[in-house]
Amino acid sequence: MTYVDAVIQGILLGGLYALFACGLSLMFGVMRIINLAHGDLALLGTFMVLLVTEHVGLSPFAALVIVLPGAALAGYALQYLIFNRSLRGGELSPMLATFGLSVVIGNVLLEAFSADTHSLSAGALTTASWRISSQISISALSAVIFAVAVVVLVGLQLMLSYTQLGRQMRATADDPATAELVGINSKRVYGVAAAIALATAALAGTFFGMRSSFDPTLGPSQLIFAFEAVVIGGLGSLWGTLVGGIALGVAQTVGAQAFGASWSIFCGHALFLAVLAFRSQGIFAAREATA
Amino acid sequence: MSLLDVRELDVRHGLLHAVRGVSVAVEGGGTVALVGANGAGKSTLLRTIAGGHRPSHGSIFFDGVDVTRVPAHKRVGLGIGLVPEGRHLFLSLTVEENLRVAARPGYWTVERVLDAFPLLADRRRSRAVNLSGGERQATAIGRTLMANPRLLLLDEVSLGLAPVAVDDVYRSLQTVIEQGTTVLLVEQDLGRAMGIAQRVICMLEGRLVLEGTADELTRERVTEAYFGLGRVVA
Amino acid sequence: MSAVAAPAEAQPARPKVQRWTRTSLAFAAGMLALVVLLALVPYWFGPNTTEKLTELFVLVILAAMWNVLAGYGGLVSVGQQAFIGIGAYAVIVLTDHGINGYLAVVLAALFCGLVSLPTSLLVFRLRGGQFAIGMWVVAELFRLLVTNDQSIGGGTGRSLDVLNVYAPADRQAYTYWVALGLMAVLLFLGLILLRSRLGSSLQAIRDDERAAESVGVPVAWAKRVVFLLAAVGCGAAGAITIANTLIVTPASIFSVQWSAFMIFMVLVGGLGTFEGPVLGALVLFGIQQEFSNDGSWYLVGLGAVAILVTLILPRGLWGFLVDRFHIRLVPVGYTLRQLLGAQARSDGQ
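In order, the protein sequences belong to chains B, L and Z.
Throughout the first sequence, residue numbering follows my numbering, covering 2 to 292 in sequence.
Throughout the second sequence, residue numbering follows my numbering, covering 15 to 248 in sequence.
Throughout the third sequence, residue numbering follows my numbering, covering 32 to 380 in sequence.
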């Protein structure tokens, strides 16, 4: 593997990170909640797909047809049951409630599925690849993941910028009380945002499960990668999330190439801390909250 | 039957008893000015009518329907619209987006609002955070109009604006009134208030202390009530 | 605090501002007696008891530290396990270089304080939930550094053999006393902090940071002090843990589960009260003794209780009791007393 190959793999990996991160970014952008359970919720999606493939015999892609709407509904419900109530409790409340949720989900998964590793089969995509040069090949699965990530992010950005729902979300993010006064049902807006966040998380988790083996303890590490992607790219910007994801992915793969596989994640953390130290608003410094 | 019927309303802000036993009725198509010194409870009253505050006692009837416990966003659907004190525009949205986000079917569309407020004409794609005071006020009123309210509540729309800008605002308000919209406005400037309204209500320390038509009330009587000069000292 | 204007026909005497009430004086005396009693435990009970109590002391320290950080400093961290781990591994490194085991425990705690200073420079650039996860990333970073370092055991961990020079019963007793001492000192430091000007500064910052800054409250410095104290405390907890169990692995000592425990204890006990975390530690300790054999389900229960408490009893058990019965045991508040026998009104938090 050469450095060029490492960079390319890193970019493709970055697509997956961006997909993980966009739900986190959306929830933070609209509701100002950092959902500490995001990684575990994504993993829950992965395990749900596993259940469906094992019991119904569908391929993971087909299983998504069932799991994604389920994830969206779960997101909407969680918003009403937990996140909304925690918003009323002050700043610390959502963090603590979502952390509790993370512990609950992670350990329920552990009890239900044990610590064994599993993986999802992507069928023909797993082995297909395109040979670009004598040393570089691109796996079809990675390319598909990257493409889906870009489509989802672009779609979300378009939704936010040009639809009434998107305007309502941005308005509610700016000023929830006034949003109510102009006729926006802020609870419903939050619910939809949470639904989208959980659905994209489940999608990301499923792709993750196709790409590598997984077990119930991986939720927190995915949360950290998603969070790092968001911070590196800059809060409040979906493009930033894509760029941040790519930067993180490249840092990890190039780090592995340069220092060995056991240092790859460390290099990602190092990049995160470097961005914190030198450009804490991220690559795409988004608008500051209020004027 | 009045369009708006407020009965014995009590509203508290934490320990502060902001509105005390206020009853007021506004006829459909009428224009009522609500005056009073700072802290008299006018803004709180307006916000409570719009659903931004919960009253501790009393009730609010809109077009015969008890809306006291109805959430704010539903009241907009029923026809109540508030232009809040301090404007509270959605700063990251453009003027046009601020208008569109509040849109409901009716006479007022983006084009008609921009016609009524000419100073917004070339600012439609500017983000609200970049607007001047007068432009923000125009956008705020326009935004509430986009919901096509039957009852328009205006809270201190002239605050912080140059007199010329205020003239523009009041000119546009005339158009709104001519549309048949019921208007209840809070205004510090007694002259303007009595100029545009048919009825004047004065509040002092949370209570209603004076009510009457603009014809029968003189400025002196209103000023007295405003400062509480006619009260007997306990 | 200025004098309250007396009503027309009231006494000429001014009301006094008191920091100690009769209850809190009794409580303080009781606490001192308790520490003395606890110090005598190794003479009356065997090593099993002292080992369990040492675990309890570790929990109390962690709860108190997390509370100082989050409840008073407003800094919610999901990464204090960074310092717990560094504390434990510092003991290993120090003892490898010949330093006495128990001295190493104290030094390890102080070392964590040192590490917290440059760390704070980085993580203080984050706010709120981002700070929480940022600290988690720092913990993960340290975990990876340790896992990749074979000289301190790498992924498989290390055992602390140095303390085996003592007979097991003696060793347990010494560990117990060190733990008791550190817990008492840290709690005392925390108390002094809260009663001091810094405590008031912290409350101002917690209420409204920008306003506090505008009246001259040294925001960055106050937060740094709190962060440092919490780091020292968590480092002490990690160091005591390794002295107690004699073995450590990076996965366990840097695990985010420590944060889960800390959050549980403080939430259930009462965020922002001094007594609450201690109560929470007792509750967690009780649950652990009863249920830790039930595997992950008891963690699920912990998480669920944490969620419920955040949503329903936001001030925790102690906060709920305080609100209901108006008790305050530890003198961190202010009380205004009318001199001629009238009811004392509480003015503090």
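Glycine is no exception: its CB is placed at the ideal position from the N, C-alpha and C atoms.
Short Cβ contact (8 Å threshold) for residue i with residue j
i                      : j                      : result
residue 349 of chain Z : residue 300 of chain Z : yes
residue 72 of chain B  : residue 242 of chain B : no
residue 95 of chain L  : residue 32 of chain L  : no
residue 276 of chain B : residue 283 of chain B : yes
residue 147 of chain Z : residue 258 of chain Z : yes
residue 40 of chain L  : residue 198 of chain L : yes
residue 179 of chain B : residue 102 of chain L : yes
residue 67 of chain L  : residue 25 of chain L  : yes
residue 341 of chain Z : residue 192 of chain B : no
residue 246 of chain B : residue 43 of chain B  : no
residue 205 of chain Z : residue 197 of chain Z : yes
residue 272 of chain B : residue 249 of chain B : yes
residue 16 of chain B  : residue 151 of chain B : yes
residue 169 of chain Z : residue 113 of chain Z : yes
residue 112 of chain L : residue 158 of chain L : no
residue 119 of chain Z : residue 217 of chain Z : no
residue 190 of chain B : residue 170 of chain B : yes
Chain-order list of residues whose beta-carbon lies under 7 Å from that of residue i (same chain, five-residue window excluded)
i                      : result
residue 199 of chain Z : 78
residue 200 of chain L : 48, 56, 57, 60, 168, 169 and 170
residue 290 of chain B : Low confidence applies here, because residue 290 of chain B scores a pLDDT of 35, under 50, leaving its location unreliable and the question unanswered by this model.
residue 203 of chain L : 172
Heavy atom of the ligand ZN within 7 Å of residue i beta-carbon
i                      : result
residue 100 of chain Z : In terms of ligand content, the structure shown is empty, and the ligand ZN therefore cannot be addressed.
Interface flag, residue i vs chain B, CB-CB below 8 Å
i                      : result
residue 153 of chain Z : yes
residue 373 of chain Z : Only weak support is given to the placement of residue 373 of chain Z: the predicted model assigns it a pLDDT of 38, under 50, and the value that follows is read from those uncertain coordinates. Not one chain B Cβ lies under 8 Å of residue 373 of chain Z.
residue 47 of chain L  : no
residue 4 of chain L   : This structure cannot speak to residue 4 of chain L, because chain L is shown only from 15 to 248.
residue 252 of chain Z : no
residue 146 of chain Z : no
residue 232 of chain Z : no
residue 240 of chain Z : no
residue 111 of chain L : yes
residue 338 of chain Z : yes
residue 41 of chain Z  : For residue 41 of chain Z, the predicted model reports a pLDDT of 48, less than 50, meaning its position is unreliable; a value from the coordinates is still stated below. It does not; no Cβ of chain B falls within 8 Å.
residue 158 of chain L : yes
Min CB distance residue i to chain Z below 8 Å
i                      : result
residue 274 of chain B : yes
residue 225 of chain B : yes
residue 93 of chain B  : yes
residue 119 of chain B : no
residue 288 of chain B : With a pLDDT of 44 at residue 288 of chain B, under the threshold of 50, the modelled position of that residue is not reliable, and no figure is offered here.
residue 240 of chain B : no
Within-8 Å CB hit, residue i to chain L
i                      : result
residue 30 of chain B  : no
residue 291 of chain B : Low confidence applies to residue 291 of chain B: its pLDDT is 32, below 50, so where it sits in the model is not reliable, and the reading given next is rough at best. At least one chain L Cβ lies under 8 Å of residue 291 of chain B.
Residues of its chain near residue i, where Cβ-Cβ distance is below 6 Å and the 5 sequence neighbours each way are ignored
i                      : result
residue 224 of chain L : 216 and 239
residue 254 of chain B : 7, 10 and 11
residue 138 of chain L : 109 and 110
Limits of the unbroken alpha helix (DSSP H) element including residue i
i                      : result
residue 97 of chain Z  : 78 to 98
residue 208 of chain Z : 199 to 226
residue 75 of chain L  : Segment 71 to 76 is the beta strand (DSSP E) holding residue 75 of chain L; no alpha helix (DSSP H) there.
residue 66 of chain Z  : 53 to 75
residue 233 of chain B : 220 to 234
residue 250 of chain Z : 250 to 276
residue 298 of chain Z : 288 to 300
residue 189 of chain L : 177 to 192
Segment limits, beta strand (DSSP E) that includes residue i
i                      : result
residue 1 of chain B   : Only positions 2 to 292 of chain B appear in the structure, and residue 1 of chain B is not among them; the question remains open.
residue 15 of chain L  : First-last for residue 15 of chain L: undefined, no H or E at that position.
residue 34 of chain L  : 30 to 40
residue 196 of chain L : 196 to 200
residue 135 of chain B : Note, residue 135 of chain B: premise wrong, no beta strand (DSSP E); not H, not E.
residue 84 of chain L  : From DSSP, residue 84 of chain L is part of no beta strand (DSSP E); its letter is neither H nor E.
residue 225 of chain L : 221 to 227
residue 169 of chain L : 165 to 169
residue 48 of chain L  : 45 to 49
Own chain residues within Cβ distance below 8 Å of residue i, not counting five before or after
i                      : result
residue 197 of chain B : 24, 27, 73, 76 and 157
Counting Cβ pairs closer than 8 Å, one from the segment 320 to 331 of chain Z and one from the segment 111 to 126 of chain B, do we hit at least three? By the Cβ test, the segment 320 to 331 of chain Z is in contact with the segment 111 to 126 of chain B, since at least three Cβ pairs between them sit closer than 8 Å.
Could you tell me whether the segment 76 to 89 of chain L touches the segment 136 to 151 of chain B, using the rule of 3 or more Cβ pairs below 8 Å? No, they do not touch.
Please determine if the segment 125 to 145 of chain Z and the segment 56 to 71 of chain B are in contact, where contact requires at least 3 C-beta pairs separated by less than 8 Å. Not touching, per the Cβ criterion.
Specify whether the segment 306 to 315 of chain Z and the segment 87 to 95 of chain Z touch according to this definition: at least 3 beta carbon pairs, one from each stretch, less than 8 Å apart. These segments touch.
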